[in-house]
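**Q** First residue of the sequence shown: 35, per our numbering; consecutive thereafter.
For glycine and all other residues, C-beta sits at the position ideal for the given N, C-alpha and C.
No experiment lies behind these values; they were computed from the predicted model shown.
Please see the structure below; I have some questions.
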Amino acid sequence: MKESSLKRLFRFVLAHWPFLIMSTLAAFFFVIFNSASIWITATMINNILIDFNEMLVENQRLSSLSELTMNDRLKLFSNSLLLKDTAISTVSAVCVALIVVFSAKNISLYIKNITLSIVQYRLIRDLRNKLYSHFHYLSLSYFNKNKSGELTAVLVNDIDNMRNSLSIMFQKLFVEPINIIILMSLLFIVSTKLALIALLIIPVSGIIIFGISHSIRRRSARSQAQLAGMTSMIAETIGSMRIVKAFATKGFEINRFAKETQKYYKLMLRRDRLRFVSSPVSETFGATIAALLLWVGARDVLVIESISSEDFLRFILLLFSLFQPLKNLTNVVNELQNGLASADRVFTIMDIKSDIQDVDNAVEVNDLKNTLSFENVSFSYGDEKDIVLNNINFQINKGEILALVGPSGAGKSTLVDLIPRFYDALSGSIKIDGKDIKKLKINSLRSLMGIVTQETFLFDDSVKANIAYGVENISDDKIKDAAIAANAHEFIKELPDGYNTIIGERGVSLSGGQKQRIAIARAIVKNPPILILDEATSSLDSESEKHVQSAIENLMSERTVFVIAHRLSTVHNANKILVLENGQIVQEGKHDELVNIDGLYKQLHKMQFRT
């Protein structure tokens, strides 16, 4: 049975138990001092309203009783501390007591709040770190199926929503139940009859709260999903702003976003209609019960005389003090439902298992010593009927260059994505020096490889940091050497701050050729034995291609290389060329062989060179 989000949250909370214990003790003392302040206030009001001599007589009467109720014991105890020889001395004692009790109460409140804040912020930090780490654990197939904007919304918005909810929940949940229990106990001590009437508030309020909170959680889940969709739309639009402007679709995009914000507005309004109705309904019902108690209590004081005016005054003060924690607890339940809706989304992602995992007893691999081979490899992205690669067989020796050519959609990029286990083959095996890569540790397998793709991704950081990405403790000289080998040093020197220049998101301040050369420098720094070049020059102009091609040749030296090439001029020197069509190898050989026999390679060559 799946564990509830609430239980899982509390397991995270319990990891910080020392602060929880400290906060619970502070909450207990806060409630004690809060109750004492109410008791002392009632004593002070009573001292002002009635004759002082009557108070002395009543105190003497209580002292003479052989059997005392708990109420009598509490009154005798408070009198021993506060009742003095004169009325003004008694008032002075009560004033001093109030200052002491309120000071102690608020010190306890501060300790409770600050310790709970520590727990709250540590919990959110841990959850966000855990979810972010889990993103890195998930396979590429998961990210292909889910929008990046929605995942960002879960990591940022949902966890922040949990922080807001948990902030309210923690501050109330650890103090209000104790507050309610102690205040209810004092109500029973003062008058059992009146307390039983007051007790009607709790079950009726509970029924109202449960009904409303269940509906709030459903609406909160829908509103968070809608917010994630909006975040995804924003990220998508900002990322494609050039296309939006080029196609003059500004109005369309604005209207599309307005429709989504209207949906979100309606969802949030429906949720708040429920959220805001629970407290007034509970409070109105409580006021009705209070009015009934005033009538019954007044009758007991004035007609039946079964309760003293001082006790009735104390009971009313305690009762009205009870309303606030009950109201706070109502809000806690509502906010908790809102936070749990977000927690459900967070834990749903955390429960997803990666398709790509280390097997038991996986072994390290440090180098490619002899060969890398594909043996009867087939692959599909989901539906087994839609085969992307079908029965692929080939072998590449260490230090060789293998080129993959073929029309778009033939399966070239998919084939090389199987080597670092971005995806796992549907059938067959891929072996490095005779060992199935599924039996190798994933991190060690991927550390063997450097990848340069057509769509170069650079980080919003310095040139130096982008070149050194993934390599620790590298000297500036090695970074410079890599840049020189990648034909990047000359243009880097011309940048405003040289190697320390911040290049912007995705390297927006650089040209395509410059970005590719930095990516090549990054691969040189990593110094991988296996190199994968996925159409690294296909989107460049002729001038940029010359610089990048020269850099690639430096990078390919003494490495085992897989080259996916759109321009066949780049694969003439390959040791072996595989021609793919519809996920199958239809031709295999060197350029001089393939260009002279009828087949797909010859057709592609004619199309490019018009021969």
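1. In three-state DSSP terms, what is T645?
2. In angstroms, rounded to a whole number, what distance separates the CA positions of D451 and K146?
3. For Q383, collect the residues of the same chain with a Cβ closer than 7 Å to its Cβ; drop the 5 residues on either side in sequence, then sort them by chain order.
4. Once the 5 residues before and after I453 are set aside, which same chain residues still bring their CB inside 8 Å of it?
5. If I follow the unbroken alpha helix (DSSP H) through F46, where does it start and stop?
6. Would DSSP call T490 helix, strand or coil?
7. Report yes if the C-beta distance between E434 and N609 is below 7 Å; otherwise report no.
8. Under 8 Å by Cβ, that's how I've got T124 and L116 pegged, so tell me the actual separation to the nearest angstrom.
9. So, helix, strand or coil for S407, using DSSP?
10. What do you reckon, is the C-beta of I341 under 6 Å from a heavy atom of the ligand HEM?
11. Please classify E101: does DSSP put it in a helix, a strand, or coil?
12. Would you kindly work out how many angstroms separate the C-alpha atoms of K549 and D494, rounded to a whole number?
13. Should I631 be labelled buried (16 or more other beta-carbon atoms within 10 Å of its own) or exposed?
14. With A555 and A522 assumed to form a contact (beta carbons below 8 Å), what rounded beta-carbon distance in angstroms separates them?
15. Could you check where the beta strand (DSSP E) with V130 kicks off and where it finishes?
16. Helix, strand or coil: which one does DSSP assign to L436?
17. Which of the three DSSP states is assigned to E506 in this structure?
18. In three-state terms, what does DSSP make of K118?
19. Can you check whether the CB of V224 is closer than 7 Å to the CB of N113?
20. With the cut-off set at 7 Å, would you say D510 and S39 are in Cβ contact?
21. Which whole-angstrom value describes the C-beta separation of N424 and S412, a residue pair presumed to lie in contact below a C-beta threshold of 8 Å?
22. Under 6 Å Cβ to Cβ from H50, same chain only, skipping five residues before and after it: list those, please.
23. Is Q621 helix, strand or coil by DSSP?
24. With respect to the beta strand (DSSP E) encompassing N431, which residues constitute its N-terminal and C-terminal limits?
25. Please classify V393: is it buried, with 16 or more other beta-carbons within 10 angstroms of its beta-carbon, or exposed?
26. Please report the distance separating the alpha-carbon of M590 from that of V613.
27. Once the 5 residues before and after K206 are set aside, which same chain residues still bring their CB inside 6 Å of it?
28. Since E409 contacts N427 with CB under 8 Å, what's their CB separation in whole angstroms?
29. What are the boundary residues of the beta strand (DSSP E) that includes V595?
30. Are three or more beta carbon pairs between the region 339-357 and the region 93-100 nearer than 8 Å?
31. Have a look at K432 and R480 and give me their C-alpha separation to the nearest angstrom.
32. Mapping the DSSP letters down to three states, classify F413 as helix, strand or coil.
33. Give the straight-line distance between the Cα atoms of H170 and E184, rounded to the nearest whole angstrom.
34. Less than 8 Å between the CB atoms is what I'm expecting for K139 and N68, so what's the real figure, rounded?
35. Alpha carbon to alpha carbon, how far is T75 from L692? Give it in angstroms, no decimals.
36. Could you tell me which residues DSSP pairs with E615 in its beta bridges?
**A** Quick look at the numbers:
1. Low confidence applies to T645: its pLDDT is 49, below 50, so where it sits in the model is not reliable, and the reading given next is rough at best. Coil, per DSSP.
2. 53 Å
3. Reading off the sequence shown, one finds Ile at residue 383, where the question assumed Gln. So the list reads L165, H168, V188, once near-sequence residues are dropped.
4. L406, I464, I471, M483, I564, I566, F596
5. 39-48
6. coil
7. yes
8. 6 Å
9. strand
10. Among the components of this structure there are no ligands whatsoever, and the ligand HEM is therefore not found.
11. coil
12. 12 Å
13. exposed
14. 5 Å
15. Counting along the chain, V130 falls outside any beta strand (DSSP E), though it belongs to the alpha helix (DSSP H) covering 121-171.
16. strand
17. coil
18. coil
19. no
20. no
21. 5 Å
22. V153, R156
23. strand
24. 423-431
25. exposed
26. 21 Å
27. N362, V366
28. 6 Å
29. 594-598
30. no
31. 17 Å
32. strand
33. 16 Å
34. 5 Å
35. Here the chain covers residues 35 to 645 and nothing more, so residue 692 does not appear.
36. Q618
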